[in-house]
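Student:
There are 2 protein chains.
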Amino acid sequence: MFLSTLLPVQQAIEIIQKSIKETDIEMIPLEDAYKRVVAMDIVSQLDSPPFSRSAMDGYAVQAKDTYGASAKNPKPLIMVDQIGAGSKSLVTVEEGMAVKIATGAPMPDGADAVVMEEYTREEDGIEVETSLTPGENVSYQGEDIRKGDVLMKKGKFLQPPDLAMLASGGHCKIPVYKRPSIAVLITGSELVMPRLLLKDAEVINSNHYTLKALVESSLAIPTLFHVDDDEGRVKEMFIDLLKNYDALITTGGTAISKGDVVVKVAEELGEVLIHGVAMRPGKPFAYAWINDKPVFMLSGYPVAAMVQYDIMVRKNLEMMQNLHKPLHIVRKIASRKIPSTLGRADYIRALVEDDIVTPLNIKGSTIIRSMVDSNSYIVIEENLEGVDKGGECEVILYEALRV
Amino acid sequence: MFLSTLLPVQQAIEIIQKSIKETDIEMIPLEDAYKRVVAMDIVSQLDSPPFSRSAMDGYAVQAKDTYGASAKNPKPLIMVDQIGAGSKSLVTVEEGMAVKIATGAPMPDGADAVVMEEYTREEDGIEVETSLTPGENVSYQGEDIRKGDVLMKKGKFLQPPDLAMLASGGHCKIPVYKRPSIAVLITGSELVMPRLLLKDAEVINSNHYTLKALVESSLAIPTLFHVDDDEGRVKEMFIDLLKNYDALITTGGTAISKGDVVVKVAEELGEVLIHGVAMRPGKPFAYAWINDKPVFMLSGYPVAAMVQYDIMVRKNLEMMQNLHKPLHIVRKIASRKIPSTLGRADYIRALVEDDIVTPLNIKGSTIIRSMVDSNSYIVIEENLEGVDKGGECEVILYEALRV
Numbered sequence: 021m022f023l024s025t026l027l028p029v030q031q032a033i034e035i036i037q038k039s040i041k042e043t044d045i046e047m048i049p050l051e052d053a054y055k056r057v058v059a060m061d062i063v064s065q066l067d068s069p070p071f072s073r074s075a076m077d078g079y080a081v082q083a084k085d086t087y088g089a090s091a092k093n094p095k096p097l098i099m100v101d102q103i104g105a106g107s108k109s110l111v112t113v114e115e116g117m118a119v120k121i122a123t124g125a126p127m128p129d130g131a132d133a134v135v136m137e138e139y140t141r142e143e144d145g146i147e148v149e150t151s152l153t154p155g156e157n158v159s160y161q162g163e164d165i166r167k168g169d170v171l172m173k174k175g176k177f178l179q180p181p182d183l184a185m186l187a188s189g190g191h192c193k194i195p196v197y198k199r200p201s202i203a204v205l206i207t208g209s210e211l212v213m214p215r216l217l218l219k220d221a222e223v224i225n226s227n228h229y230t231l232k233a234l235v236e237s238s239l240a241i242p243t244l245f246h247v248d249d250d251e252g253r254v255k256e257m258f259i260d261l262l263k264n265y266d267a268l269i270t271t272g273g274t275a276i277s278k279g280d281v282v283v284k285v286a287e288e289l290g291e292v293l294i295h296g297v298a299m300r301p302g303k304p305f306a307y308a309w310i311n312d313k314p315v316f317m318l319s320g321y322p323v324a325a326m327v328q329y330d331i332m333v334r335k336n337l338e339m340m341q342n343l344h345k346p347l348h349i350v351r352k353i354a355s356r357k358i359p360s361t362l363g364r365a366d367y368i369r370a371l372v373e374d375d376i377v378t379p380l381n382i383k384g385s386t387i388i389r390s391m392v393d394s395n396s397y398i399v400i401e402e403n404l405e406g407v408d409k410g411g412e413c414e415v416i417l418y419e420a421l422r423v
Numbered sequence: 021m022f023l024s025t026l027l028p029v030q031q032a033i034e035i036i037q038k039s040i041k042e043t044d045i046e047m048i049p050l051e052d053a054y055k056r057v058v059a060m061d062i063v064s065q066l067d068s069p070p071f072s073r074s075a076m077d078g079y080a081v082q083a084k085d086t087y088g089a090s091a092k093n094p095k096p097l098i099m100v101d102q103i104g105a106g107s108k109s110l111v112t113v114e115e116g117m118a119v120k121i122a123t124g125a126p127m128p129d130g131a132d133a134v135v136m137e138e139y140t141r142e143e144d145g146i147e148v149e150t151s152l153t154p155g156e157n158v159s160y161q162g163e164d165i166r167k168g169d170v171l172m173k174k175g176k177f178l179q180p181p182d183l184a185m186l187a188s189g190g191h192c193k194i195p196v197y198k199r200p201s202i203a204v205l206i207t208g209s210e211l212v213m214p215r216l217l218l219k220d221a222e223v224i225n226s227n228h229y230t231l232k233a234l235v236e237s238s239l240a241i242p243t244l245f246h247v248d249d250d251e252g253r254v255k256e257m258f259i260d261l262l263k264n265y266d267a268l269i270t271t272g273g274t275a276i277s278k279g280d281v282v283v284k285v286a287e288e289l290g291e292v293l294i295h296g297v298a299m300r301p302g303k304p305f306a307y308a309w310i311n312d313k314p315v316f317m318l319s320g321y322p323v324a325a326m327v328q329y330d331i332m333v334r335k336n337l338e339m340m341q342n343l344h345k346p347l348h349i350v351r352k353i354a355s356r357k358i359p360s361t362l363g364r365a366d367y368i369r370a371l372v373e374d375d376i377v378t379p380l381n382i383k384g385s386t387i388i389r390s391m392v393d394s395n396s397y398i399v400i401e402e403n404l405e406g407v408d409k410g411g412e413c414e415v416i417l418y419e420a421l422r423v
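The listed protein sequences correspond, in order, to chains H and C. To convert, count from 1 in the first sequence and add 20; that's my numbering. To convert, count from 1 in the second sequence and add 20; that's my numbering.
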């Protein structure tokens with residue numbers, strides 16, 4: 021319980037990260053692939069564009085027919101065909117000819133440029149009022165993507181344009197890492213769901229809601245459970261949940277000074293690798309490896325649990341999907357002196373406004389409002405005794421935590 | 021078609037924003053409220069904590085009994101009861117007495133402080149080795165939230181800690197704005213879904229995938245449709261979709277120089293407020309108001325459609341949910357000269373690395389790879405003729421666009 025027996029934050033993070041494994045691979049429809057992680061290199065099956073096509077509405081011509089053309093000196097051409105997107109002209113464009121063409125339609129044989137409609141007048145034939153270079157307003161077959169190109173590398177976190185690229189390469193299903201399925205087990209006999217009247221010592225189970233949202237914010241799939249502080253029941257739940265989910269997160273029952281029920285059960289079923297971390301809030305954090313699966317044991321206090329999630333859990337659920345987003349730390353100026361204890365990392369709820377950060381006035385880890393009103397953590401590492409007013413400090417914006 | 025006849029970007033944005041209306045309000049379970057927008061002020065029904073409780077595992081005592089206590093001078097107390105979280109002691113703590121208490125358990129009557137277990141030894145009774153002030157390690161009833169407090173204001177975009185606050189205030193259902201339902205109508209007879217062999221002039225419908233993901237990235241609900249370039253069919257789809265969805269987004273058929281089918285249908289059914297914007301890519305953008313609903317008409321070209329979405333559509337789908345996130349523009353140093361045409365806003369796909377931004381070498385709006393390989397737009401406003409190498413320019417990071 022004294023600081024010297026607690027694990028430093030960085031050591032705890034390393035122990036956890038070393039144990040984390042990637043989830044299995046699954047094939048999913050490309051339409052559902054936004055924010056998924058590609059599980060193997062994907063090669064294009066097609067050229068894109070699939071044929072050389074017009075980039076403009078206008079006329080497909082031989083560029084040399086337009087040399088010297090201008091508004092004052094228009095060049096007449098004979099229109100021999102017209103084609104819309106979706107069809108191909110059977111005519112070959114020869115000297116003095118033009119084919120009216122829509123954006124996206126295949127270039128007719130013989131033509132090497134497209135004159136935009138705006139630079140023409142349609143008379144008997146057409147008159148061209150500008151001079152073109154070969155290739156002008158033509159999108160060539162394969163200029164965006166070539167058949168056989170690697171379209172997307174393993175590990176890519178898919179964004180909207182990536183999906184267009186994969187589709188254009190001929191793919192309607194792709195291999196991705198499964199989103200990890202996370203059992204969240206809230207422990208505490210005193211906890212009840214929100215209601216208007218509370219009896220005696222009842223407390224509302226607010227962790228149910230935050231943990232669900234936090235797991236969702238890591239793009240994992242939460243399923244929520246509640247259990248009383250009963251060792252037998254907790255043990256049954258552990259065994260059952262670790263069969264059916266990729267990881268287990270618990271809240272409550274992690275006190276360090278005594279055999280609290282959750283950590284005790286973890287010790288009986290597997291190996292407790294961490295119990296107690298030199299951080300504040302969040303000291304009573306534990307981590308176990310049971311049945312080849314990770315078990316994150318968080319404090320029952322809402323604020324401590326949220327900080328433990330952000331520092332000890334979040335990245336690991338991302339890593340299970342092979343998603344590696346570095347923790348984005350920025351430097352801001354402290355608006356007042358912030359004391360801290362040597363040997364313990366502090367995560368202080370704070371408000372960043374431009375370059376200034378102000379720690380909120382917080383009594384303890386019960387104060388949910390401190391999380392609601394803040395937009396960031398000030399991080400004071402173990403080796404610092406706080407920050408002076410006007411000094412620089414490290415800050416993690418909550419927004420930067422999300423993927 | 022010439023620049024002077026195109027609407028400046030800012031004017032187009034203002035025309036659209038003036039027309040946008042909020043969606044209806046719905047009551048949803050609090051568990052599903054992450055990333056929803058609160059539709060009215062929500063008042064707490066309860067105090068939180070609901071009773072004064074211990075913040076630590078230890079002993080509830082009268083602080084004055086511990087004055088002067090230390091490891092060398094422990095003060096003995098008689099243990100008269102012990103309580104866990106979820107139960108309340110019936111004993112009143114008087115001078116010389118202590119009740120063993122778990123974190124979160126209600127303070128027994130008469131006690132005004134809790135001594136942490138670590139600073140005690142359990143003998144016959146207990147010995148206290150530290151001196152306490154009244155209130156120490158006690159969380160008082162209502163210190164976080166008071167019954168009648170406004171817990172959450174109308175317009176709040178809900179994050180995980182907010183849900184804990186709402187739960188603690190007694191709410192399990194809350195009023196939020198409906199996520200807008202968006203019909204996405206992809207037009208183009210040449211378009212087919214991804215496949216390994218393309219016939220003649222067939223082109224893969226990559227917009228199907230990007231538009232779905234883009235609408236999802238605005239937290240709206242997309243439903244995708246495809247229609248051939250047939251005026252009658254397009255009109256039927258418009259009428260049908262505008263009955264059943266909150267807004268319509270189309271791609272294709274928006275060329276400015278001629279009566280392209282989509283804009284023509286919009287003109288027949290309602291009022292076309294915008295047709296052609298002085299931007300690149302994305303000039304052939306149109307916006308109509310039909311049946312009291314917004315219709316965003318995008319280009320058929322994937323890259324143009326994406327830029328039009330980001331600049332002309334995205335914010336409006338957010339505003340429909342009463343979500344107002346300012347467009348975050350940063351300033352970066354151009355790694356090379358970037359030419360631009362006066363009177364037209366350019367959105368140049370670019371790569372930001374630290375303080376430097378490099379425009380990608382891009383030929384046209386067919387090049388999907390330019391979107392995939394970039395992480396930002398360089399924005400060159402209408403009144404600028406480009407940026408010199410080493411000059412500052414405005415940049416929108418794609419990441420900053422997401423909510």
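Ideal Cβ placement from N, Cα and C applies to all residues, glycine included.
With THR150(H) and SER90(H) assumed to form a contact (beta carbons below 8 Å), what rounded beta-carbon distance in angstroms separates them?
Tutor: About 7 Å separates the two Cβ atoms, so the contact holds.
Student: Determine the chain H residues that contact LYS232(C) at a beta-carbon separation under 7 Å, and present them in chain order.
Tutor: Those within 7 Å of LYS232(C) in chain H are GLU51.
Student: In three-state terms, what does DSSP make of TYR16(C)?
Tutor: Any answer about residue 16(C) is impossible in this case: the structure gives chain C only from 21 up to 423.
Student: Mind checking the stretch 324–350 of chain H against chain C and listing, in chain order, the residues whose C-beta falls within less than 8 Å of any C-beta there?
Tutor: Result list: MET326.
Student: Count the other CB atoms within 10 Å of the CB of PHE22(C); is the residue buried (16 or more) or exposed (fewer)?
Tutor: Residue confidence is low: PHE22(C) scores 43 on pLDDT, short of 50, so the model does not pin down where it sits. No coordinate-derived value is stated.
Student: Relative to the C-alpha of ASP61(C), which residue among PRO195(C), LEU261(C), VAL392(C) is closest?
Tutor: It is PRO195(C) whose Cα lies nearest to the Cα of ASP61(C).
Student: Does the contact criterion of 3 or more C-beta pairs under 8 Å hold for the stretch 175–185 of chain H versus the stretch 386–405 of chain C?
Tutor: As far as the Cβ criterion goes, the stretch 175–185 of chain H touches the stretch 386–405 of chain C, which means the pair count is three or higher.
Student: Please list the terminal residues of the continuous beta strand (DSSP E) segment that includes GLN453(H).
Tutor: In the structure as shown, chain H begins at 21 and stops at 423. Residue 453(H) is therefore absent and cannot be evaluated.
Student: Hey, VAL415(H) and VAL372(H) are a contact pair by Cβ (cut 8 Å); roughly how many whole angstroms apart?
Tutor: Right, their Cβ atoms sit about 6 Å apart.
Student: Report yes or no: is there a C-beta of chain H within less than 8 Å of the C-beta of ARG300(C)?
Tutor: It does not: the Cβ of ARG300(C) has no partner Cβ on chain H nearer than 8 Å.
Student: Against chain C, does CYS192(H) count as a neighbour if the rule is that its beta carbon must be under 8 Å from one of theirs?
Tutor: By this cut-off, CYS192(H) is an interface position.
Student: Please decide whether PRO154(H) counts as near chain C, where near means a Cβ-Cβ distance under 8 Å.
Tutor: So, not an interface residue.
Student: Please list the partners that THR123(C) has in chain H, where partner means a Cβ-to-Cβ separation under 8 Å.
Tutor: Those within 8 Å of THR123(C) in chain H are ALA275, GLY320, TYR321.
Student: Alpha carbons only, please: which of GLY162(H), VAL282(H), PRO301(H) is nearest the one belonging to TYR307(H)?
Tutor: Checked all of GLY162(H), VAL282(H), PRO301(H); the closest Cα to TYR307(H) is VAL282(H).
Student: At the 8 Å Cβ level, is VAL223(C) part of the contact set with chain H, yes or no?
Tutor: So, interface residue.
Student: Can you list, in chain order, the stretches of the beta strand (DSSP E) that have 3 or more residues and sit fully within the stretch 191–216 of chain C?
Tutor: The qualifying runs are 193–197, 201–207.
Student: Can you name, in chain order, every residue of its own chain whose Cβ lies under 8 Å from the Cβ of LYS313(C), other than the five neighbours on each side?
Tutor: Result list for LYS313(C): LEU262, TYR265, ASP266, ALA267, LEU268, in chain order.
Student: Could you check how far apart the C-beta atoms of LEU97(C) and GLY124(C) are, in whole angstroms? I think they sit under 8 Å.
Tutor: 22 Å between Cβ atoms; not a contact.
Student: Do the CB positions of SER360(H) and GLY406(H) come within less than 8 Å of each other?
Tutor: It is a contact, given that the beta carbons lie within the stated cut-off.
Student: Just to confirm my understanding: we take SER109(H), look at its own chain, exclude 5 residues before and 5 after, and list those with CB closer than 7 Å. What are they?
Tutor: Once the five neighbours on either side are set aside, the close Cβ partners of SER109(H) are ASP101, ILE103, VAL119, PRO128.
Student: Hey, could you find the ends of the beta strand (DSSP E) ILE398(C) is sitting in?
Tutor: Start and end: 396–400.
Student: With the cut-off set at 8 Å, would you say LYS174(H) and GLN65(H) are in Cβ contact?
Tutor: For LYS174(H) and GLN65(H), no; Cβs fall outside 8 Å.
Student: Taking 7 Å as the limit between beta carbons, can you name the residues of its chain near HIS223(C), skipping five residues before and five after?
Tutor: The question names His, but residue 223(C) is Val in the sequence shown. Closer than 7 Å at Cβ, skipping near neighbours: GLU210, LEU211.
Student: Would you call the stretch 334–348 of chain H in contact with the stretch 290–301 of chain H, where contact means no fewer than 3 C-beta pairs closer than 8 Å?
Tutor: Taking 8 Å as the limit for Cβ pairs, the verdict is that the stretch 290–301 of chain H does not touch the stretch 334–348 of chain H.
Student: Could you check how far apart the C-beta atoms of THR207(H) and GLY273(H) are, in whole angstroms? I think they sit under 8 Å.
Tutor: With a Cβ gap of about 5 Å, THR207(H) and GLY273(H) count as contacting.
Student: Which residues bound the alpha helix (DSSP H) around VAL327(H)?
Tutor: Residues 322–328.
Student: Any C-beta of chain H sitting closer than 8 Å to the C-beta of MET21(C)?
Tutor: Here MET21(C) scores only 39 on pLDDT, less than 50, and its place in the model should not be relied on; the value that follows carries that caveat. True, the Cβ-Cβ gap to chain H drops below 8 Å.
Student: Using a cut-off of 7 Å between C-beta atoms, extract the partners of PRO181(C) located in chain H.
Tutor: Correct list: THR230, MET326, ILE388, MET391, VAL392.
Student: Looking only at DSSP bridge pairs, what is ILE294(H) linked to?
Tutor: Answer is TYR307(H), bridged to ILE294(H).
Student: What is the DSSP secondary structure of GLY406(H), counted as helix, strand or coil?
Tutor: GLY406(H): strand per DSSP, three-state reduction.
Student: Taking only the alpha-carbon atoms, compute the straight-line gap between LYS198(C) and SER237(C) and give it to the nearest angstrom.
Tutor: Using only the alpha carbons, I get a separation of about 16 Å.
Student: Which chain C residues sit within Cβ distance under 8 Å of GLN65(H)?
Tutor: By Cβ distance, chain C contributes LEU216.
Student: On the DSSP bridge list, what partners appear for MET76(H)?
Tutor: Looking at the DSSP assignment, MET76(H) forms no beta bridge with any residue, so it has no partner.
Student: Return the Cβ separation of PHE245(H) and ALA286(H) in integer angstroms, given the expectation that the two are a contact with Cβ distance under 8 Å.
Tutor: With 8 Å as the limit, PHE245(H) and ALA286(H) do not qualify as a contact, their Cβ atoms being about 16 Å apart.
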